[in-house]
Amino acid sequence: MVQFDPSLRLPTSDELLDSDDLPVDNELQTLVPNFLRFILSFIWSTRLDWFFGVNMGDQHEPFEMYCLVDGIYQRRIGEPFWMPEVGLGIGRAWGVHDRVEREWLYWYDEHGRRYLSPEEQALVAQNRSQQLEEILRSLGVDPDTI
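To convert a position in the sequence shown, counted from 1, into the working numbering, add 55.
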């Protein structure tokens, strides 16, 4: 996990662009970070040593990442963007969440594979269950009697 470095100077909340003084004018401003946190709570379900916080900005770029290098934030290119400090990547992909089909931010593993959302995990499990039922029926076994 991330090792705390008290000498590291992070920007203050006053230095970060934010929309704290403005009303949230778009549901996606809260939906996207909440979706990321929801998936992360499944990825790290057995861990208690993490916190997810987002300071919402008022600018828009489809995907823009910065790393703190020698005290200066430098823009990084590439998706998914791997963050070795937390063992996760982040990037964009099309998907459906909360009945909205669009490009969402997702978490990725070290091999660049996207973590499924809980909704997608449930759908995969349901499809697998149906496949197993079909196999049992083809073998002459009624899955409802097992």
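Virtual Cβ for every residue (Gly too), placed ideally from N, Cα, C. For clarity, every value in this text was computed on a predicted model and none was experimentally measured.
request  = Assign R192 to one of three DSSP states: helix, strand, or coil.
outcome  = Within the sequence shown, numbered from 1, the residue matching residue 192 stands at position 137. Here R192 sits in helix by DSSP.
ask   = Got a sec? Which residues, its chain only, sit under 6 Å from L143 by beta carbon, not counting five neighbours each side?
value = For the purposes of this step, residue 143 is taken as residue 88 along the sequence shown, with counting starting at 1. Cβ within range, chain order: W162.
message = Looking at the secondary structure, which residues open and close the beta strand (DSSP E) in which D91 lies?
response = In the sequence shown, residue 91 corresponds to position 36, counting from 1. This sequence places Leu at residue 91; Asp is not what is there. Unbroken run through L91 is the alpha helix (DSSP H), L83 to I98; no beta strand (DSSP E).
Own chain partners of L130 with C-beta closer than 6 Å, once the 5 adjacent residues on each side are dropped = Taking the first residue of the sequence shown as position 1, residue 130 is located at position 75. The residue you asked about is not Leu; residue 130 is Arg in the sequence shown. Contacts found: Y121.
query = Where D125 and L171 are concerned, what is the direct C-alpha to C-alpha distance, given to the nearest angstrom?
reply = Sequence index remark: in the sequence shown, residue 125 carries index 70 (1-based). Sequence index remark: in the sequence shown, residue 171 carries index 116 (1-based). Taking the straight line joining both Cα atoms gives about 34 Å.
ask   = Who are the Cβ neighbours of E188 in its own chain at under 6 Å, not counting the five residues just before and after it?
value = Taking the sequence shown and counting its residues from 1, the one referred to as residue 188 is at position 133. P198, listed in sequence order.
request  = Report buried or exposed for I94, applying the criterion of at least 16 other Cβ atoms within 10 angstroms of its Cβ.
outcome  = Locating residue 94 in the sequence shown gives position 39, where the first residue counts as 1. It counts as buried.
task = Report the three-state DSSP secondary structure of E158 (helix, strand or coil).
result = To locate residue 158, count along the sequence shown from 1; it is residue 103. Residue state, collapsed to three classes: strand.
message = By alpha-carbon positions, which one of F107, Y128, D104 and P117 ends up nearest to R157?
response = The residue labelled residue 157 in the question sits at position 102 within the sequence shown. When only C-alpha atoms are compared, the closest one is P117.
Minimum C-alpha distance to A148 - residue among Y128, L91 and L191 = The count along the sequence shown starts at 1 and reaches residue 148 at position 93. Cα-wise, what sits closest to A148 is L91.
message = Going by DSSP in three states, R183 sits in which element: helix, strand or coil?
response = In the sequence shown, counting from the first residue as 1, residue 183 sits at position 128. It is helical.
8 Å contact criterion, which G167 and P139 should meet: CB distance rounded = Within the sequence shown, residue 167 is the residue found at index 112, counting from 1. Within the sequence shown, residue 139 is the residue found at index 84, counting from 1. About 14 Å; that fails the 8 Å criterion.
query = What separation, rounded to the nearest whole angstrom, lies between the Cα atoms of D153 and E174?
reply = Here residue 153 is taken as the residue at index 98 of the sequence shown, counted from 1. Here residue 174 is taken as the residue at index 119 of the sequence shown, counted from 1. Rounded to the nearest angstrom, the two C-alpha atoms are 9 Å apart.
query = Which same chain residues, not among the five before or five after F106, have their C-beta less than 6 Å away from its C-beta?
reply = As a first step, residue 106 must be located in the sequence shown, where it is residue number 51. Closer than 6 Å at Cβ, skipping near neighbours: no residue.
message = Using CA atoms only, rank isn't needed, just tell me which of L83, I127, S96 and E119 is closest to R64.
response = As a position in the sequence shown, residue 64 is number 9, starting the count at 1. Of L83, I127, S96 and E119, the residue nearest in Cα terms is I127.
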